[in-house]
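Colleague: Residue numbers (my numbering), protein chains in the order written: chain A, 1 to 325; chain B, 1 to 282; chain C, 1 to 342.
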Amino acid sequence: MATTSAAPAPSHGRAHSFLGRLRNGDEAAHLITLMFACSVLAIALLLIYELWIHSSLSRRQFGFHFFFTQVWDPIAGQFGALPFIYGTLVTSILALVIAVPLGLGAAIYLAELAPARLSNVLTFLVELLAAVPSVIYGLLAFFSLVPILRNYVEPFLKSTLGFLPIFQGPIYGVGFLAAGLILAIMTFPFIISICREALLEVPREQREAALALGATKWESTWQVVVPYAKLGIMGSVFLGLARALGETMAVTMVIGNDPRIKASLFAPGYTIAAVIANEFTEATGDLYLNSLIELGLVLFLITMIINAGARLLIIATTKKGSARD
Amino acid sequence: MNRTERRKLVSNVMLSLTGMCAFLTVSTLFLILGYLLWNGGRSVDWAFFTQLPKPPGETGGGMANAIVGSGLIVGMAALIGVPIGFLGGIYLSEFGGKTLSFFVRYTADLLNGVPSIVIGIFAWTVVVVPTRTFSAFAAALSLAVMLIPIGLRSTEQFLRSVPTALREGSLALGASKWRTIASVVVPAATKGILTGMILGVARIAGETAPLLFTAMNNQFWSSGFNEPVATLPVMIYTHAISPYEDWHRQAWAAGLVLLGMVLIANILARFILSRGAASQRA
Amino acid sequence: MTNKHLHLLGFAAAGMLMIGTGAYAAVKLQGAGATFPGAIYSKWFDEFQKPKDAPQINYNPIGSGGGIRQLTAGTVDFGASDMPMSDEAIKAVKKYHVLHFPTVLGGVVPTYNVEGVTGDLNFTGPLLADIFSGKVAKWNDPAIAKVNAGVKLPSKDITLVHRSDGSGTTFVFTDYLSSVSPEWKSKIGAGATVNWPGGLGAKGSEGVAGQVQGTPNSISYVELFYAIQNKMPYGAVQNKSGKFLKASLETVTAAAAGAAQAMPEDFRVSIVNAPGANAYPISTFTWLLIPDKFEDAQKKKAVVDFLRWMLVKGQTYASALSYAPLPKEVVAKEEKQIAKIQ
C-alpha cells in the first residue's frame, strides 16, 4: 500500500482527496488494519480450500460411503471413517458425562457458596488447569492413569457392573475409558469457568426472591438460579464438547489405536485426531493421504458446527441477561 | 423428620457435594503439578539444558536442541502472529463497519476452535509440500495461525474497554484518528493486550499436534528455518512412548520444564492484568 | 515507532537472516524411515558427525512406510526401510532411480509379557499365525502348551500389540506368517500396515516395546534390539529345519549366509524362513534407500562418504547393539553399487 509517492496536493483540498487523506494517516491506518483483519478471512478460506482440494481423491472414490464404512485397510485401499467418528464421539460424550456434573457442581460452589476470596483463588487455579498443554496430560495419563485403570478401576467396574455391555471384555488399561477420563479432566476448566460466569450473571433479586419465599439455599440454586443460567451452561457444554472432539495428543497416548467399533469402554479405539497424528507422515499412496485429510475435513466441520452453536448460546445468554434487567 | 428438616438436609448435602466437586477439580491441578514435580524434579539436571539427545540405549544427554527449537518456533510464530492479531484487533475496535467486523470476528472464533491437528495439515499443504522439506517455518506458521485469533479478540476486547471519553478528548485536542489510537487508546489498553498475547503465546508453546508433520524432529542442532527442528512437546511424546527408562526420565524432565514455562507465563499475565486494572481504578 | 525500536528490529532481522541462511559449514542431510534399525542408525549418525565439519545426518524414525512416502514426496534426501520397495513404488519416484543399500541384518522376535513366565517360550510359525489372527486366544491354550512342556501358563487372555504406523517390521513379520500359514496369506496378507483382527496399536518399535512392557499378558513382534533393551523375554521360533531358535547374531547371520551368494543385483531380497539348520526364520536385511542422482555435489559427497564409512567402520558397531553385520560378499557388491550414484 503506497503512501509515499503522492505529489503534494493543494493544502485546502487536503482532507478530501484520497491521497490527501492517505497522507493524513487515518486512511492509511484504516487500510492497513483492514488488511490485517481480512487476512484472518483469507487464512480461513485458504484452510477450507486446501482441505477440500487435498481430499478430492478419496471424496470421489468413496463418496458418502466414507461415513458408513467400518473398514480401514491401507493395503486393500479401503478407507472408512466410521470407527473414527465413533471413537471421537464416544470419548467426547464420556468426557462430558463426567465433566459436566462435576464441573457444574464446582461452578455452583464457586459462584454461590464460596466466600469471594476463596472463590477467586480457586477459579484462578482452575483456569491454570486450562493452560496445561495436552501432551503433559498425555504424559501423566500414560504413566499414572492407565496403570490405575488397568489394575484397580476397570477390574472393579467389571466385577460390580460387568452385566452392562460397556463394562465387559478384556482389560488393557488403555482404551475408551482412559481417553474419556483424561478428556474429562481437560474439559473441567472450561465448564467450570463458563458456568461460574453464567451463574454470577444471574441477578441477585432472583435468589433473594426464592429465599424470601422459603426455599432452602439448594432449592434456590437448583430450581431458580441454574435454570436462569441454562443457556450459558449449555454453551459451556458445547464448548467443552468442541474442545474434546479435537484433542489429539492426550488421546493418542491412551486410546489404544485400534480402528474398531466396540461396545465396551475397556476396549481400545481410535479417534479422528489420533489416526491423523499417527498415520499422516506414513500414508503411502495418495488415496491413503487423501482419506486422512478428508477425516480432517470432517473433524473441522463438526467442530465448526458445535462452536457456532456454543457461540449462539452464549450470545443468547448475554442478550437475555440484558433484556431482563 | 418433617418436610422442612428434610429439605434442609437435602440442601446441606447437595451443597457440600458441590464443595467436594470444587475441591476435587482443583486438587487435580495439584496432583498434576505434584506428580510432575516429583518425577520431573528428580530428572532435571544441568545436562538436560545443555546437551543433545543421546542414541537410544545410552544414558545421559539432554534436550538442549529441543528447548532452543521450541523457543525459535514460538518466537517466529509470535513475530508473525502478534502484529496481525494486534492490528486486526485495532481494526475491529476502532474502524470496523458492521458486516465485515461480524465476519472477521466469526472467522476468528472459527479458527480458534479448529483442532490443532487440522491446522497442522493446513501448514503441511501450504508450506511443507511446496518447499519439499519439513521446516521450522512451517511449524511457526501453524502456531501463528493459532495465535492470530487469540491476539485479535483480546486486543479488540481491551481496546473497547478504553473509555470513549479518552478518545473524544484526544480528538477534541485536534489529533487525527490514528494518532489517537497510537498515542492514547493503545497505551491505555497495553496491559490487557500484553496479557492476551502472553496467554496466547503460552498456549501455542504447548501445542504438539501441528508440529508432528511440520517440524518433525531433529537429533542435532538445526541451523536454519528450512529444516526439521526438535521441539519440547514432540520430544516429550516420542520419549514417553518409548521403552527406555532413561528416555522416560527425560520426558518427565521436559514435561516439568514445559509446564513450568507455561504456568509462569500464565501467572505473569494475570498479574500484569490485575495490576493494570488496579492502577486504572486508582 | 521510535528509533530505538527500529534499531532493535534491525538487529533481530539481521540475526535471523544469519541463522536462516545457515552460517554453518557442515553439510546437512535429512533422512526418514524404519524404526527397526533405529538404534544402530542413531549410533552411526552420531559417530559419523563427530569429526569437525563432518556432514550432519538427521534421521527421523517414522516407520518404513513413512520413509518411502517422504522419499517419494521429495521431502527427505534418503529413506530407510525394512521392506524392499516394489517395482511400482520405485517407478513412482520420478526424479531418479532408487538404489537399495543393505545396512545390517536383524531379527524380528516375538516379545511377550506373561504373568509368571520368566523364561523363553517356544513358538512354531503356524502357532504365531494363529495367535496373531486371534484363533488362539488364551495363554494356556493347548497349542501353546504343546510346544512349551513344563511351563506354567496362566489362563489369561492374550493381548495383541501391533504397529499402528506403516512398518517394515510388520512387513517382515507378516511376510513370515504368510509363508508359514496359507490362511494368514489369504485372509490378511503381508504389508507395512495390515488389517489386524484386533489388539492394541502402538507407534514405532519403541512404542510397541513400551506397550508390551506395560501391559500384562501381551505379545508383540519387534526387532531384537528393542526386546533386549526392554529386558523383556522373547521367544524361540521354529525354523524350516524344525529347530527352535532364538534370534541372535549367529542365527541371524546364518539366515543371510545363503542369500549372500545369490544376492540379486539390486539387493532386494527376502530372507524370511531361510534354509539352514541354524538359521533364524524371521530375519531380514534392512536398507537405506538412496537416490542415484544428487543435484547438490556436496550432498552427494556426504552420502558417498557415509556409505563407505558404513560398510567398513559402521559394521563394527552392529554386534554391540545386537544387529548382525553384513556378509563380506554383500559388502563387496555394495561398494560397487556406490559408483552408480551420480
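Backbone N, C-alpha and C fix where the C-beta goes; we use that ideal spot for every residue, glycine too.
Residues of the region 225-239 of chain B in Cβ contact with chain C at a cutoff of 7 Å, in chain order, please.
Modeller: Cβ contacts with chain C come from Phe-225, Glu-227, Pro-228.
Colleague: Can you look up Pro-259 (chain A) in the DSSP assignment and give me helix, strand or coil?
Modeller: The residue you call residue 259 (chain A) lines up with position 259 of the first sequence. Coil, per DSSP.
Colleague: Check each candidate in A:Phe-79, A:Glu-247, A:Ile-48 and name the one with the smallest Cα separation from Leu-287 (chain A).
Modeller: What you label residue 287 (chain A) is simply residue 287 of the first sequence in a count that begins at 1. It is A:Phe-79.
Colleague: Between the alpha carbons of Thr-125 (chain B) and Glu-329 (chain C), how many angstroms are there, rounded?
Modeller: Residue 125 (chain B) sits at position 125 when you count from the first residue of the second sequence. Residue 329 (chain C) sits at position 329 when you count from the first residue of the third sequence. Approximately 45 Å, taken between the alpha carbons.
Colleague: List the DSSP bridge partners of Lys-217 (chain A).
Modeller: Residue 217 (chain A) sits at position 217 when you count from the first residue of the first sequence. BP columns for Lys-217 (chain A) are empty, so no partner.
Colleague: Enumerate in chain order the residues of its own chain whose CB-to-CB distance from His-97 (chain C) is below 6 Å, with the five nearest sequence positions on each side excluded.
Modeller: Mapped onto the third sequence, residue 97 (chain C) falls at position 97. So the list reads Asp-292, once near-sequence residues are dropped.
Colleague: Within the 7 Å Cβ cut-off, does Thr-33 (chain A) reach chain C?
Modeller: Position 33 of the first sequence holds residue 33 (chain A). Answer no: the Cβ-Cβ gap between Thr-33 (chain A) and chain C never drops below 7 Å.
Colleague: Which residue comes first and which comes last in the alpha helix (DSSP H) that contains Ser-371 (chain B)?
Modeller: Beyond the ends of chain B as shown, which are 1 and 282, falls residue 371 (chain B); an answer cannot be given.
Colleague: Just reading off the alpha helix (DSSP H) that Ala-240 (chain B) is part of, what are its end residues?
Modeller: Position 240 of the second sequence, counted from the first residue, corresponds to residue 240 (chain B). Here the alpha helix (DSSP H) through Ala-240 (chain B) covers 232-240.
Colleague: Assuming Pro-37 (chain C) is part of the beta strand (DSSP E), what are its boundary residues?
Modeller: The residue you call residue 37 (chain C) lines up with position 37 of the third sequence. Taken as a continuous stretch (DSSP letters only), Pro-37 (chain C) belongs to no beta strand (DSSP E), as it is neither H nor E.
Colleague: Do Thr-187 (chain A) and Leu-245 (chain A) have their C-beta atoms closer together than 7 Å?
Modeller: Along the first sequence, one-based indexing puts residue 187 (chain A) at 187. Along the first sequence, one-based indexing puts residue 245 (chain A) at 245. The answer is no: Cβ separation not under 7 Å.
Colleague: Over the uninterrupted alpha helix (DSSP H) stretch that includes His-30 (chain A), give me the two end residues.
Modeller: One-based indexing of the first sequence puts residue 30 (chain A) at position 30. It spans 26-53 - the alpha helix (DSSP H) in which His-30 (chain A) sits, taken as one unbroken run.
Colleague: Strictly by DSSP, which residues pair up with Gly-79 (chain C)?
Modeller: Counted from its first residue, the third sequence places residue 79 (chain C) at position 79. Bridge partners of Gly-79 (chain C): C:Ala-32, C:Leu-289.
Colleague: Out of C:Ala-302, C:Lys-301, C:Pro-325, point me to the one whose CA is closest to Val-312 (chain C)'s CA.
Modeller: Your numbering for residue 312 (chain C) matches position 312 in the third sequence. Out of C:Ala-302, C:Lys-301, C:Pro-325, C:Pro-325 has the C-alpha closest to the C-alpha of Val-312 (chain C).
Colleague: Is there a C-beta anywhere in chain C that falls below 7 Å from the one on Arg-311 (chain A)?
Modeller: Here residue 311 (chain A) refers to the residue found at position 311 when the first sequence is read from its first residue. No, no contact with chain C.
Colleague: Check whether the Cβ atoms of Val-135 (chain A) and Ile-148 (chain B) lie closer than 7 Å to each other.
Modeller: As a position in the first sequence, residue 135 (chain A) is number 135, starting the count at 1. As a position in the second sequence, residue 148 (chain B) is number 148, starting the count at 1. For Val-135 (chain A) and Ile-148 (chain B), no; Cβs fall outside 7 Å.
Colleague: If you measure from the beta carbon of Ser-222 (chain B) to each beta carbon in chain A, is any gap under 7 Å?
Modeller: As a working note, residue 222 (chain B) is residue 222 in the second sequence. It does not; no Cβ of chain A falls within 7 Å.
Colleague: Give a yes or no on whether 7 Å exceeds the smallest Cβ distance from Ala-282 (chain A) to chain C.
Modeller: For this step, residue 282 (chain A) is matched to residue 282 along the first sequence. Sequence check: residue 282 (chain A) is Glu here, not Ala. So yes, Glu-282 (chain A) belongs to the interface.
Colleague: From the beta carbon of Gly-80 (chain A), is the nearest beta carbon of chain C less than 7 Å away?
Modeller: What you label residue 80 (chain A) is simply residue 80 of the first sequence in a count that begins at 1. Taking Cβ atoms only, chain C never reaches closer than 7 Å to Gly-80 (chain A), which makes this a no.
Colleague: Would the region 191-208 of chain A count as touching the region 100-113 of chain A if we require 3 or more Cβ pairs under 8 Å?
Modeller: Cβ pair count under 8 Å is three or more, so yes.
Colleague: Does the beta carbon of Ser-274 (chain B) sit closer than 7 Å to a beta carbon anywhere in chain A?
Modeller: Here residue 274 (chain B) is taken as the residue at index 274 of the second sequence, counted from 1. Judged by the 7 Å Cβ criterion, Ser-274 (chain B) is not in contact with chain A.
Colleague: Kindly give me the distance between the Cβ atoms of Ala-22 (chain B) and Ala-77 (chain B), rounded to whole angstroms, as I take these residues to be in contact under 8 Å.
Modeller: To locate residue 22 (chain B), count along the second sequence from 1; it is residue 22. To locate residue 77 (chain B), count along the second sequence from 1; it is residue 77. So it is not a contact: roughly 35 Å between Cβ atoms.
Colleague: Could you work out which residues of chain B lie near Lys-301 (chain C), taking near to mean beta carbons separated by less than 7 Å?
Modeller: Working through the third sequence from its first residue, we reach residue 301 (chain C) at position 301. Per Cβ cutoff of 7 Å: no residues; Lys-301 (chain C) is ~19 Å from chain B at best.
Colleague: Decide yes or no for the touch test of the region 194-203 of chain C against the region 71-83 of chain C: beta carbon pairs closer than 8 Å, at least 3 of them.
Modeller: Too few Cβ pairs lie closer than 8 Å, so no.
Colleague: Under 7 Å, Cβ to Cβ, is there at least one residue of chain C near Ile-241 (chain B)?
Modeller: Walking along the second sequence from the start, residue 241 (chain B) turns up at place 241. Yes, because at least one Cβ of chain C sits closer than 7 Å to the Cβ of Ile-241 (chain B).
Colleague: Residues of chain C with CB under 7 Å from Asn-217 (chain B), in chain order?
Modeller: Stepping through the second sequence from its first residue, residue 217 (chain B) is reached at position 217. Near Asn-217 (chain B) (Cβ distances below 7 Å), the residues of chain C are Asn-60.
Colleague: Taking Ala-316 (chain A) as the reference, give the member of A:His-54, A:Gly-235, A:Leu-122, A:Leu-140 with the closest Cα.
Modeller: Indexing the first sequence from 1 puts residue 316 (chain A) at position 316. Comparing Cα positions, the closest option is A:Gly-235.
Colleague: Please list, in chain order, all residues of the same chain as Thr-328 (chain A) whose beta carbon is under 7 Å from its beta carbon, the five residues on each side excluded.
Modeller: Because chain A in this structure spans residues 1 to 325, residue 328 (chain A) falls outside the shown range and cannot be described.
Colleague: If we ignore side chains and look at the alpha-carbon of each, how far apart do Tyr-106 (chain B) and Val-121 (chain A) end up?
Modeller: Taking the first residue of the second sequence as 1, we reach residue 106 (chain B) at position 106. Taking the first residue of the first sequence as 1, we reach residue 121 (chain A) at position 121. Their backbone Cα atoms lie some 32 Å apart in a straight line.
Colleague: If you drop the 5 nearest sequence neighbours on each side, which residues of the same chain put their C-beta closer than 7 Å to that of Arg-249 (chain B)?
Modeller: Against the second sequence, residue 249 (chain B) aligns to sequence position 249. Taken in chain order, the residues that qualify are Ser-43.
Colleague: Per DSSP, Tyr-59 (chain C) is paired with what?
Modeller: Counting from 1 along the third sequence, the entry for residue 59 (chain C) is found at position 59. DSSP output for Tyr-59 (chain C) lists C:Gly-31 as bridge partner(s).
Colleague: Considering just the uninterrupted stretch of the beta strand (DSSP E) at Gly-201 (chain C), what are its terminal residues?
Modeller: Taking the third sequence and counting its residues from 1, one reaches residue 201 (chain C) at position 201. Unbroken beta strand (DSSP E) run through Gly-201 (chain C): 200-202.
Colleague: Report back the beta-carbon spacing between Pro-182 (chain C) and Ser-133 (chain C) to the nearest angstrom; my notes put them in contact at under 8 Å.
Modeller: One-based indexing of the third sequence puts residue 182 (chain C) at position 182. One-based indexing of the third sequence puts residue 133 (chain C) at position 133. Actually they do not touch by this definition, with Cβ atoms about 12 Å apart.
Colleague: With H, G and I counted as helix, E and B as strand and the rest as coil, what does DSSP make of Tyr-24 (chain C)?
Modeller: Indexing the third sequence from 1 puts residue 24 (chain C) at position 24. Reliability of the predicted coordinates at Tyr-24 (chain C) is poor, the pLDDT of 47 falling under 50, and no value is obtained from them.
Colleague: For the alpha helix (DSSP H) containing Pro-74 (chain A), list its first residue and its last residue.
Modeller: Against the first sequence, residue 74 (chain A) aligns to sequence position 74. Where Pro-74 (chain A) is concerned, there is no enclosing alpha helix (DSSP H), given that its DSSP letter is neither H nor E.
Colleague: Roughly how far, in whole angstroms, is the beta-carbon of Met-83 (chain C) from the beta-carbon of Phe-225 (chain C), given that I think they are within contact range, below 8 Å?
Modeller: By 1-based counting over the third sequence, the position of residue 83 (chain C) is 83. By 1-based counting over the third sequence, the position of residue 225 (chain C) is 225. With 8 Å as the limit, Met-83 (chain C) and Phe-225 (chain C) do not qualify as a contact, their Cβ atoms being about 18 Å apart.
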